[in-house]
Every structure is written in structure tokens, then in C-alpha cells.
Amino acid sequence: MLYVQLIADGVVTGCAIGLVAVSFAYFYATTGIFHVAHAGIYTLCGYIAWYLTGLGIPFILALIASILCGALVGMFVQVTLYQTLENKGASPLVKLIASIGVLTTLQNIVAIFFTPNIVQFDLPWRLNSLTIGGVWFSVPQILILLSSVGLFAAVVLFSKYSKLGKRIRAVASNPGLAEITHLNPQRVFVYVIAISSGLVAVPGVLVGVDQALQPYTSLIILLTAVIAMIAGGIGSLGGAFVMSIVLAVIQSLSVAFVSGRWSIAVVFAIFVLFILIRPEGLVRRKFSRAI
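1 is the number of the first residue of the sequence shown in the working numbering; add one for each residue after it.
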């Protein structure tokens, strides 16, 4: 039963990381920008919800406010930073360094205006639990499972069938042609980062409810999500989500054999072996910035 519980915990963690991976991949596949600041938005949104609930605002309203805030911050970063650098002909490396600067700034803003210490949501229902077939789930874990799977499905359906989703795919597939055909890639990039930043707010808040919040821990979550994105096949949202769950389950099971502090090392080692064997990722696709 221990292993079943560890697998269940891994699936929950993997769903949360999967949503981070999908939201990161959606923006990266469209723009080609390695948006490290995504981790900073993840952290900021969690603390905004924590602060608002501390003021007595209902949790659902705090969650919605954090999603809107995440989308607005993402749009601000795109318009003021990435778009400016693009207009000046900056290289991808320069954009990456700038994104790291934004991440550091957001983390320190959180530490200054809120607290650098570990904090927890003061919500009585966060400690409630449900047992299914002998497997224990907390209420926040159930919310993580349902919201992650639901939002992942929504992103896939939006990308395939909505007018804006098709426009985003067209820009991702061929930005140069999209510019010629007046699809306005720069505006599309703003839409995409708003969607991605709004999505990452959900695990940022719910994981904080389930565990705790700390300003400087989101980078390791993003690194795991990026590993899942690469291992799943760059450009494949489904591959990123599935690999997030696989890697999280492996990490969860590893604590039964090694110390918990080494579990992330197990994930990175398996990732290296996987890439050596299958460098194109789980889903075979020649990456052309297609979603």
C-alpha cells in the first residue's frame, strides 16, 4: 500500500508540474523565448492568493484574482521586455538573461512585500482528506488533479478548435509568414503569455495550499517542468504533461529507496539517460515551433 500511496502522490505532483510544463511549452513553442520568469509568476500568484485569503476574501475569488494578476504581469513582461528586445534584434541568449533578471526581481518583490519565510494558507478545509480505495488524498490534492487535467484538456481543445488557437498555431509554425499575412505575431505573443501566465497561477496557488509557499523554491519546479517538456518532445503539449507525471511518480517512488533529498537527482539522472537513448523526446516530432 505504501507504493500505491507514493504513486498517487506522484501523480498529483506530476499533474501540477504538468500544468507548469504545458504553460511554459505553449509560450516557448510559439515565441522561441526561454521564459524563466515563468517561475517568478508562479510564485507571485501563490502569494497574492495567500495575502488575499488572509484578508478574509473567499478562496475562489483570491484564485481568480491571482490568475488575472498572473496574466497581466505576463503581458507586461512581454510588451515591455521581450518585445523591446525583439525590436532591437536581441539574441535568444540576451532574452534568457533578461528573463532570469525578471525572475530574480519577482522573487525578491515577493520576499520584500510579503515575507521571505515559509507560509501556509489559513484555510480550515486544506487539512480535510478523502480516502479512495485505501489511498489518501487531501482536498487540495483533489483540486490539483481535477484542475490540472481539466485545464490541460481545455488548452488542447482551445489550440485545435478556437479561432485564436488556430491563429497561435499558425504564428508558431511560421512567424515570418504570419507577419506577411498580417496575423500580427507580436500581438499573438501577448495573448499567449497571458494564457500561459494565467494557467501557471493555478498550480502556483493550489500547491501552496497543499504544502506551503516560499519565494525561492519555484525554480526547481520550473526546471522539472522543462525537463518534462524536453523529454516529452518539444512542441508536444501532451508529451510534456505525460512526462511530468512519469517523472514525478519516479521521484515519489525513489524516496522508498533513497533519502528524499536525493530524489530530484534520480529524476535528473533518468532524464539524461532518456535523452541519450531518445533525444527527440517521447513524441517524435521535428521541432519547428509548432504546437
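All C-beta atoms, glycine included, are put in the ideal place defined by N, C-alpha and C.
These numbers were taken from a predicted model, which means no experiment stands behind them.
Run the CB neighbour count on residue i, radius 10 Å, all protein chains shown included, and call it buried at 16 or more, exposed below.
i, result
"P215", "buried"
"Q120", "exposed"
"Y161", "exposed"
"L157", "exposed"
"R278", "exposed"
"I97", "exposed"
"K95", "buried"
"L330", "Given a span of 1 to 291 for the chain in the structure shown, any question on residue 330 remains unanswerable."
"W50", "buried"
"V272", "exposed"
"S147", "buried"
"T131", "exposed"
"L164", "exposed"
"L72", "exposed"
For the beta strand (DSSP E) that residue i lies in, which residues bound it at each end?
i, result
"T31", "Taken as a continuous stretch (DSSP letters only), T31 belongs to no beta strand (DSSP E), being part of the alpha helix (DSSP H) at 2–31."
"L123", "No beta strand (DSSP E) contains L123, which DSSP labels as neither H nor E."
"L130", "129–132"
"V255", "It is not in any beta strand (DSSP E) - V255 carries neither H nor E in the DSSP assignment."
What residues in its chain sit with their C-beta under 7 Å from that of residue i, if we drop five residues either side in the sequence?
i, result
"T43", "L106, Q107, V110, G204, P215, S218"
"G74", "I41, I193, A194, S196, S197"
"Q186", "Q83"
"V20", "Y42, V200, P203, I221, L222, A225"
"Y28", "F34, H35"
"Y47", "V110, F114, L213"
"S263", "Q251, S254, V255"
"V12", "Q141, I144, L145"
Give me the Cα-Cα distance between residue i and residue j, rounded to the nearest whole angstrom.
i, j, result
"M229", "I57", "35 Å"
"I17", "V149", "11 Å"
"F137", "I221", "21 Å"
"L61", "F241", "27 Å"
"S129", "P140", "9 Å"
"I64", "A212", "19 Å"
"S252", "C15", "13 Å"
"I234", "I112", "36 Å"
"F152", "F114", "30 Å"
"N87", "V77", "14 Å"
"L52", "W125", "17 Å"
"A265", "A154", "32 Å"
Using C-beta distances below 6 Å, list every residue in its chain close to residue i, excluding the 5 sequence neighbours before and after it, in chain order.
i, result
"I299", "No information on residue 299 is available, as it lies outside the stretch 1 to 291 that the chain covers here."
"T31", "F189"
Select from the options the residue whose C-alpha is nearest the C-alpha of residue i.
i, options, result
"A8", "V209, I97, I250, A153", "I250"
"G134", "V272, I270, L2", "L2"
"L103", "V4, L81, G165, A170", "L81"
"I144", "N87, G101, V207", "V207"
"G101", "L85, A37, A49", "A37"
"L127", "T13, A21, D210", "D210"
"S159", "I112, A25, G10", "A25"
"S244", "Q5, S23, V4", "S23"
"L237", "R169, L55, P124", "R169"
"F59", "A256, A71, C45", "C45"
"V79", "V255, V267, Y191, A269", "Y191"
"G70", "A39, G239, W125, V155", "A39"
Go through its chain and collect everything with a Cβ distance to residue i's Cβ below 8 Å, but skip five positions before and after it.
i, result
"N117", "Q214"
"V4", "G134, V135"
"L85", "V94, K95, A98"
"G54", "D122"
"G274", "Checking the sequence shown, residue 274 turns out to be Phe, not Gly. Closer than 8 Å at Cβ, skipping near neighbours: A231."
"I270", "L247, I250"
Between which two residues does the alpha helix (DSSP H) harbouring residue i extend?
i, result
"F271", "263–277"
"F113", "92–113"
"V209", "185–210"
"V149", "139–161"
"T53", "38–54"
"Q83", "83–87"
"F59", "59–77"
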